Structure formats: structure tokens, C-alpha cells
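Just so we're aligned: 108 in my numbering is position 108 of the sequence shown, and the numbers increase by one with no gaps anywhere.
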Amino acid sequence: MLFGGKDKKKTNKQKRNSKGMETIIGEGTEIKGTINADTSLRIDGKLKGELNVKEDIVIGENGVLEADIEARNITVAGSITGNVTANEKLVIVSTGTLIGDIKMANLIIEDGATFKGKSESKAAITKRFNNKEKKDKQKKDEGKKDK
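Shown next as C-alpha cells:
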């Protein structure tokens with residue numbers, strides 16, 4: 001760089017942030033309510049309410065949530081009490097605790113992690129949903145034939 005010129009090359013972090021800044025809820029922060037986010041989110045503080053994220057969520061070791069959560073991928077190193085839906089993958093690491101029902105496509109629970117609740121594979125949910133749609137369509141078609 002000569003004469004204070006700006007470097008035209010962007011780092012990966014800058015490129016990622018130009019699409020949408022990732023959000024961090026830091027330790028010592030407490031939120032009550034609903035959070036809807038299009039980008040990834042990390043929580044090291046406390047949240048009570050509902051969390052809907054289109055990308056990924058990481059609950060840090062100090063993160064404490066009393067919330068229903070839905071996201072693409074969810075990694076739990078802290079504590080969650082509530083129902084969780086991971087559209088792709090749910091990971092509960094060795095320091096993580098999850099108390100509530102879960103729905104996910106893939107599940108990883110490390111040694112030492114705590115999980116208490118019911119689990120349901122998204123594949124099973126999708127299959128059940130598709131079967132229900134087929135039955136509803138058949139009933140609708142049968143109703144048209146009767147007229």
C-alpha cells in the first residue's frame with residue numbers, strides 16, 4: 001500500500017459481512033421476546049422467548065436459552081430449555097444441555113452432553129407430511145367424482 005491506498009482485496013470475513021453481518025448476543029446480555037434473523041447467530045448471553053434463524057445458530061458455553069428454536073444448523077455448547085427444530089443438523093457438544101423435544105435431519109450428541117426429551121427425524125416428518133398431502137388430495141379427488 002502506497003500513500004494510504006486501500007487494499008482492494010477483501011478477506012473472507014469482510015465478504016461474509018457484506019452479505020449480512022453475523023449477530024452475536026454477548027455474555028451479560030439478556031433478551032426477552034422473539035428474534036427473527038436471516039444470518040447466522042451466536043448466543044453467549046440469555047434469551048427467553050422464540051428464535052427463528054434461516055442460517056446457523058451457535059449457543060456458546062455461557063449461553064442460556066428458554067426458547068423454542070428453528071434454524072438450519074444448531075450447535076449447543078450451553079443450555080437450552082425448549083423445543084428445537086434443525087432443518088439440517090443438530091449438534092449437542094460435551095458441555096451442552098438440551099431439555100425439550102427436537103426435530104432434525106441429522107443429530108450428533110457428544111459424550112458428556114445432556115439431552116432429555118423426544119426426538120424425531122425430519123425425514124420421518126417429511127414422509128408423514130407427504131403422506132397426509134396425498135391422502136388429502138385423494139379425498140378431494142373423490143369428492144369431485146361424487147358430484
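Note that the Cβ used here is the ideal one computed from N, Cα and C, for glycine as well. In this text the structure is predicted, and so the values were computed from the model without any measurement.
Using alpha carbons as the reference points, say which of N106, K103, T97 lies closest to F115.
T97
Length of the line joining the Cα atoms of E50 and G112
Their Cα atoms are separated by approximately 27 Å.
Expressed to the nearest angstrom, what Euclidean distance is found between the alpha-carbon atoms of I35 and V64?
15 Å
Just tell me which of L41, A77, E61, G45 has its CA closest to the CA of K54.
Closest by alpha carbon: L41.
Any idea if T75 is buried or exposed, counting beta-carbon neighbours within 10 angstroms, 16 or more meaning buried?
Buried, since its Cβ has 16 or more Cβ neighbours within 10 Å.
Whose C-alpha, out of T29, S121, Q138, D38, is nearest the C-alpha of D101?
S121
Could you compute how far the alpha carbon of I59 sits from the alpha carbon of E142?
Cα-Cα distance, rounded: 49 Å.
Rounded C-beta distance between G82 and E66? I'm assuming under 8 Å.
6 Å
If you drop the 5 nearest sequence neighbours on each side, which residues of the same chain put their C-beta closer than 7 Å to that of L107?
L90, S119
What beta strand (DSSP E) runs, 3 residues minimum, are completely inside the segment 45-93?
Those beta strand (DSSP E) runs which fall completely within the segment 45-93 and span 3+ residues are 46-53, 56-59, 64-76, 79-81, 84-92.
Start and end of the beta strand (DSSP E) containing A37?
30-37
Under 7 Å between C-beta atoms of A105 and E88
yes
Run through DSSP, which three-state label would A105 get?
Three-state result, A105: strand.
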